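Novice: Residue numbers (this note's numbering): 136 to 529.
#1: Might you give, ordered along the chain, the residues of its own chain that have their beta carbon closer than 6 Å to the beta carbon of residue 137, omitting 5 neighbours on each side?
#2: Less than 8 Å between the C-beta atoms of residue 182 and residue 145, yes or no?
#3: Are the region 196 to 207 and the region 243 to 262 touching, with three or more C-beta to C-beta distances below 8 Å?
#4: Does DSSP classify residue 209 as helix, strand or coil?
#5: Candidates 458, 332, 353: which alpha carbon is nearest residue 389's?
#6: DSSP three-state label for residue 321, please.
#7: Count the CB pairs spanning the region 388 to 405 and the region 452 to 467 that are closer than 8 Å, and state whether there are at least three.
#8: The beta strand (DSSP E) with residue 496 in it runs from where to where?
#9: Determine the direct distance from the alpha carbon of residue 407 to that of residue 385, and round the result to whole angstroms.
#10: Nearest-angstrom Cα distance between residue 189 and residue 220?
#11: Measure the CB-CB distance between residue 534 and residue 357 and report whether it falls below 8 Å.
#12: Which residues bound the beta strand (DSSP E) around residue 467?
#13: For residue 150, count the other beta carbons within 10 Å of its own beta carbon; 16 or more makes it buried, fewer makes it exposed. Which is it?
#14: Anyone know if the C-beta pair for residue 438 and residue 387 falls short of 8 Å?
#15: Taking the alpha-carbon of residue 411 as reference, which of 362, 251, 369 has the nearest alpha-carbon?
#16: Considering only the beta carbon of each residue, do residue 251 and residue 269 sit closer than 8 Å?
#17: In whole angstroms, give me the CA-to-CA distance for residue 326 and residue 296.
#18: Would residue 262 and residue 231 qualify as a contact pair, given that the criterion is a beta-carbon distance under 8 Å?
#19: Report the residue ranges of all alpha helix (DSSP H) runs contained in full by the region 215 to 277; include only those spanning at least 4 residues, in chain order.
#20: Need the endpoints of the alpha helix (DSSP H) that residue 446 sits in, please.
#21: If you follow the alpha helix (DSSP H) that residue 533 is in, where does it begin and where does it stop?
#22: Which runs of the alpha helix (DSSP H) fall wholly inside the region 325 to 356 and span at least 4 residues, in chain order?
#23: Applying the 10 Å Cβ sphere with the 16-neighbour rule, what's the burial state of residue 300?
#24: Please state the DSSP three-state secondary structure of residue 379.
#25: Work out the CA separation of residue 497 and residue 167 for me, nearest whole Å.
#26: Helix or strand or just coil, what does DSSP make of residue 136?
#27: Going along the chain, which residues of its own chain have a beta-carbon closer than 8 Å to the beta-carbon of residue 237, five neighbours each way excluded?
#28: Excluding the 5 residues preceding and the 5 following residue 355 in the sequence, name in chain order all residues of the same chain whose CB lies nearer than 8 Å to its CB.
#29: Less than 8 Å between the beta carbons of residue 313 and residue 287, yes or no?
#30: Give every residue of the same chain whose Cβ lies closer than 7 Å to the Cβ of residue 512, excluding the five residues on either side of it in the sequence, and list them in chain order.
#31: Using three-state DSSP, classify residue 374 as helix, strand or coil.
#32: Can you say whether residue 528 is buried or exposed, counting buried as having 16 or more other CB atoms within 10 angstroms of its CB?
#33: Residue 191 and residue 209 - do their beta-carbons sit closer together than 8 Å?
#34: Using a threshold of 8 Å, state whether the C-beta atoms of residue 366 and residue 402 are closer than that.
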């Protein structure tokens with residue numbers, strides 16, 4: 136493509152380019168002064184500052200709050216070569232990060248400079264999510280590139296995210312290429328059966344990989360309660376680390392069935408999983424006088440919208456207050472938030488405040504984020520969605 140301007144353009148209002156210049160790939164609808172060339176949803180457009188400076192090219196959507204997702208900071212074709220290069224770079228990074236495993240997040244949207252695209256790899260099975268109209272319109276092209284680079288046996292789409300509704304996209308799942316089959320992955324010497332067509336997200340929470348392993352150094356001799364246990368990863372690591380007993384709780388009967396199967400697969404006979412509402416179960420355990428030495432809280436997101444932040448804060452306070460009632464003195468609390476509208480400082484303050492109001496004190500032992508196959512960008516706070524703290528509570 137030549138250095139000339141594209142025929143389809145978005146011109147920003149005065150001074151609205153600052154966030155984009157700093158590194159953020161999103162342009163919101165209220166930041167746009169005008170459009171040229173009648174761009175439609177999914178079209179590649181050029182982004183131009185009020186001064187006339189070209190800021191790059193990206194996917195446009197006229198009816199979404201995020202009106203543009205920047206793909207390149209120069210004028211270039213968004214074609215097969217572009218996707219081959221970007222996905223190839225992401226693949227090379229994962230091979231360096233995880234040379235001995237076949238399971239990782241291959242493409243992490245904005246973190247890999249491919250906003251709106253998620254690709255998870257489970258051995259020879261790939262699971263995709265497209266959160267933008269532009270990415271969804273190029274799904275076949277993306278699959279072509281993935282087949283060329285990785286030769287997968289199956290590619291599925293897990294496009295059930297409510298984020299798609301904001302782009303006018305339907306929620307759906309299904310097989311895109313090849314055949315979707317169950318596969319077995321290994322993580323920290325533990326085995327998990329993955330079904331890319333079932334389970335949460337694309338079949339497994341890969342972002343908690345390193346955090347699951349962190350349990351190993353603390354688990355010996357403890358009584359463990361794993362709340363929102365999903366496929367049982369934290370509990371299985373606690374068992375492997377020498378826990379005396381592990382109880383896993385999840386509201387999803389399907390998740391409990393998967394966790395139980397994984398426990399059997401790994402010979403973890405000191406774990407029992409049960410289907411229950413975690414908030415109600417914590418009250419029941421407190422009323423029974425039960426105490427645990429190590430409690431894990433890994434809930435789903437409490438808010439997907441900024442307008443519900445106060446409700447989410449109350450949810451986190453209630454959850455931690457209830458957990459503290461069954462945490463023994465000197466016990467360990469492993470707690471996570473995946474709500475990107477609750478930033479790290481806010482989440483830490485919520486935990487600290489709740490502990491103090493319970494008449495106890497905390498010691499922060501470790502503070503973590505997502506695994507490195509979920510890279511973050513310093514100027515894109517949305518990529519720092521996962522917060523994970525390890526505390527000792529006196």
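Every residue gets a Cβ at the ideal spot worked out from N, C-alpha and C, and that includes glycine.
Everything numeric in this text was worked out from a predicted model, so none of it was measured.
Specialist: In brief:
#1: For residue 137, the predicted model reports a pLDDT of 40, less than 50, meaning its position is unreliable; a value from the coordinates is still stated below. Sequence-distant Cβ neighbours of residue 137 in its own chain, meaning closer than 6 Å and more than five residues away, do not exist here.
#2: Cβ distance < 8 Å, so residue 182 and residue 145 count as in contact.
#3: Taking 8 Å as the limit for Cβ pairs, the verdict is that the region 243 to 262 does touch the region 196 to 207.
#4: Correct three-state label for residue 209: coil.
#5: For the residues 458, 332, 353, the minimum Cα distance to residue 389 belongs to 332.
#6: DSSP places residue 321 within a strand segment (E or B) once states are collapsed to three.
#7: The region 452 to 467 and the region 388 to 405 do not touch, with fewer than three beta-carbon pairs separated by less than 8 Å.
#8: Residue 496: not part of any beta strand (DSSP E); DSSP gives it neither H nor E.
#9: About 12 Å.
#10: Approximately 22 Å, taken between the alpha carbons.
#11: Any question about residue 534 goes unanswered here, given that the chain covers just 136 to 529.
#12: For residue 467, the uninterrupted beta strand (DSSP E) run begins and ends at 462 to 472, by DSSP.
#13: Counting Cβ neighbours within 10 Å, residue 150 comes out exposed, since fewer than 16 surround it.
#14: Remark: C-beta atoms of residue 438 and residue 387 do not approach each other more closely than 8 Å.
#15: Distance from the Cα of residue 411 is smallest, within the candidate group 362, 251, 369, for 362.
#16: Yes, the Cβ-Cβ distance between residue 251 and residue 269 is below 8 Å.
#17: Inter-residue distance for residue 326 and residue 296 is about 27 Å (C-alpha atoms, whole angstroms).
#18: Not in contact: residue 262 and residue 231 (Cβ atoms no closer than 8 Å).
#19: At a cut-off of 4 residues, the continuous stretches assigned as alpha helix (DSSP H) that sit fully inside the region 215 to 277 are 215 to 232, 268 to 272.
#20: Unbroken alpha helix (DSSP H) run through residue 446: 444 to 459.
#21: Coverage of the chain is limited to positions 136 through 529, which leaves residue 533 absent and any answer about it impossible.
#22: Within the region 325 to 356, the complete alpha helix (DSSP H) runs of at least 4 residues fall at 344 to 349.
#23: Looking at its Cβ environment, which holds fewer than 16 other Cβ atoms inside 10 Å, residue 300 is exposed.
#24: Coil.
#25: Taking the straight line joining both Cα atoms gives about 47 Å.
#26: With a pLDDT of 38 at residue 136, under the threshold of 50, the modelled position of this residue cannot be trusted; read the value that follows with caution. Residue state, collapsed to three classes: coil.
#27: Excluding residues within five positions, the ones whose Cβ falls inside 8 Å are 256, 257, 258, 259, 320.
#28: In the same chain as residue 355, and ignoring 5 residues on each side of it, the C-beta atoms closer than 8 Å to its own belong to 376, 377, 378, in chain order.
#29: With respect to residue 287, residue 313 sits close: the two C-beta atoms are nearer than 8 Å.
#30: Excluding sequence positions up to five before and after residue 512, its CB lies within less than 7 Å of the CB of 158, 245, 246, 518, all in the same chain and listed in chain order.
#31: For residue 374, the three-state secondary structure derived from DSSP is helix.
#32: Residue 528 is buried by the Cβ-count criterion.
#33: In contact: residue 209 and residue 191 (Cβ atoms closer than 8 Å).
#34: The criterion of a C-beta distance shorter than 8 Å is not satisfied by residue 366 and residue 402.
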